RNA sequence: GGCCCUAUCGUCUAACGGUUAGGACGCCGGCUUUUCAAGCCGUUAAUCGGGGUCCGAUUCCCCGUAGGGUCACCA
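Pasting the structure below:
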């Protein structure tokens, strides 16, 4: 009976620093492929480098994966397999496929120690990459490469091969930088007489500098995107499409749910060359996803970013609801809300764009006059006359008619008559205290009749 | 430098060997508008070079060139 082999993929990060978008795209593809195939996805923390591991980095990996919605079926910590690694290391030595070599330590201490080298058969290794096709590499250049620092300290090349085998990994999906390592792994696999898995080497995710994404040079940790209020669905969608196009041939679709990405996952439509990660595109994706959010979902994300002082202002919640659409228009990530409303420090109030919805604006006659009246010696007086008339026109409006269209209806004729800028600009400035703000009808309808008229009359 | 991989607008990409080489982001411009955004519309912009194969190459092959990756007792 032919048993159908269940697909098994894995993501095997080393916890030596907070991982970036490039690492997580690898995780996405391995996960997407496993889910697409009804297979298994394994998370394995590769912590053989005890000197560089950190608990913080490991937690960061769990956090990012969970945020992105990448769940796993099995989880391993590589260092817990040490006994198994030692056992197989000894087997290789016993079979003379590896040997102990007494050499001076590379750390500069001058100490002599026993390291384990693999007896390289110096063959030409060929494997078929799922993305690139056949790749052949002469392993002679590799020499007798080191597979363990000491008998008790196996190195990556040994550990990864053993763990992948023991965990029944069928598809090794990793970044292009590992192409050069694959011959070593295949040599080891052959020494153990184990099956060779399928390999897919992903094109690199590049920084603006066209170099491989690097945590210390050109990339942010993935968890930073979570921290500043990007939506995980947007990030997933965006990152997954760096180097892969899930759209139907001829289709221009760019927005895909994770379920769609699973359904469409295919190595055949993967790019071979590296691709630059573009934050502008991510921002666009995020805005698109913000647009789709329900009111409840929007505020669930947004409320985290509301400054402390805002809680103390009466009817704040009501006002926030009223200007929700303005937030949606102005932000590309949720932390931008904090900027729009100014920082936590009360002394910053007035500096931020949306402050005028929550406090009286700064009165400033210098910016009150529209540009065409700037040179008119009577410009300010005329402007005040317009404002007085605006207040008079608004006075009769009732609670029912105090809305965008109602306000516009009573003012627009007058504004047209006197010059739109002459009338509408000072009204908007009176309401906002700023040179930039939403339009005057919008402002007035949000602020309400009392506040609107009060703010206008301040100037008269 | 050796080995390996790759090559379409600035960026991400589309185009069973036959298209005016398409879309998105960004940029720029216009509309709208009192302003700034948003929105709508539009413009600019690419097949690295040279040889083949073919009636016909972005597409297949070769050679250059360029870029990237890797050459650890890291992963």
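Residue numbers (this note's numbering): 2 to 461.
Even glycine gets a Cβ: it sits at the ideal position worked out from N, Cα and C.
Please read these numbers as outputs of a predicted model, since none were measured by experiment.
For residue 134, the uninterrupted beta strand (DSSP E) run begins and ends at 134-139, by DSSP. With fewer than three CB-CB distances shorter than 8 Å, the segment 225-234 does not count as touching the segment 45-54. Note on residue 176: 16 or more other CB atoms within 10 angstroms of its CB, so buried under the neighbour-count rule. Spanning the alpha carbons of residue 89 and residue 8 requires a straight line of approximately 25 Å.
Within 10 angstroms of the beta-carbon of residue 53 lie fewer than 16 other beta-carbons, which makes it exposed. Counting only runs of at least 4 residues, the segment 54-114 fully encloses the following alpha helix (DSSP H) elements, listed from N- to C-terminal order: 56-69 and 83-95. Counting along the chain, the unbroken alpha helix (DSSP H) around residue 290 starts and ends at 280-293.
Residue environment: residue 374 is assigned as buried (16 or more neighbouring CB atoms within 10 Å of its CB, all protein chains considered). In terms of CA proximity to residue 224, 21 leads the group 434, 431, 209 and 21. With respect to residue 156, residue 149 sits close: the two C-beta atoms are nearer than 8 Å.
If you draw a straight line from the Cα of residue 27 to the Cα of residue 162, it comes to about 18 Å. In the DSSP assignment, residue 340 falls within the alpha helix (DSSP H) that extends over 337-341. Inclusion of residue 65 and residue 30 in the CB contact set at 8 Å is not warranted, their separation being larger than that value. Under the three-state reduction of DSSP, residue 145 is assigned to coil, being neither helix nor strand. Between residue 10 and residue 172, the CB-CB gap stays under 8 Å. It is roughly 15 Å from the alpha-carbon of residue 244 to the alpha-carbon of residue 280. Taken atom to atom, the span from the alpha-carbon of residue 454 to that of residue 362 is near 13 Å.
The alpha-carbon separation between residue 184 and residue 273 amounts to approximately 20 Å.
Boundaries of the alpha helix (DSSP H) harbouring residue 322: 317-323, taken from the DSSP string.
Here the segment 437-455 makes contact with the segment 394-409; the two share three or more CB pairs at distances below 8 Å.
For a cut-off of 8 Å, the C-beta gap from residue 432 to residue 445 is around 6 Å, short enough to register as a contact. Counting the other Cβ atoms within 10 Å of the Cβ of residue 102 gives fewer than 16, which makes it exposed. Looking at the DSSP output, residue 447 sits in no beta bridge, so it has no partner there. Apart from sequence neighbours up to five positions away, the residues of its chain that approach residue 131 with a beta-carbon distance below 7 Å are 199, 200, 201 and 268, ordered along the chain. Going by DSSP, residue 406 is part of the alpha helix (DSSP H) stretching over 405-419. In this structure, the CA atom of residue 229 is about 49 Å from the CA atom of residue 192.
In the DSSP secondary-structure assignment, residue 116 is bridged to 102.
For residue 368 against residue 436, the beta-carbon gap comes to about 6 Å, under 8 Å, which counts as contact.
Straight through space, the alpha carbons of residue 294 and residue 404 are spaced by roughly 25 Å. Separation of residue 360 and residue 314 (C-alpha to C-alpha, rounded to the nearest whole angstrom) is 9 Å.
In terms of Cβ geometry, residue 324 and residue 447 form a close pair [threshold 8 Å]. DSSP, read as helix, strand or coil, puts residue 271 in strand.
Under the DSSP assignment, residue 10 falls in the beta strand (DSSP E) whose first and last residues are 9-12. Residue 126 sits close to residue 138, with the two beta carbons spaced by under 8 Å. Note on geometry: alpha-carbon atoms of residue 459 and residue 364 lie some 8 Å from one another. Within the same chain, and ignoring the five residues on either side of residue 97 in sequence, the residues whose Cβ sits closer than 8 Å to its Cβ are 120.
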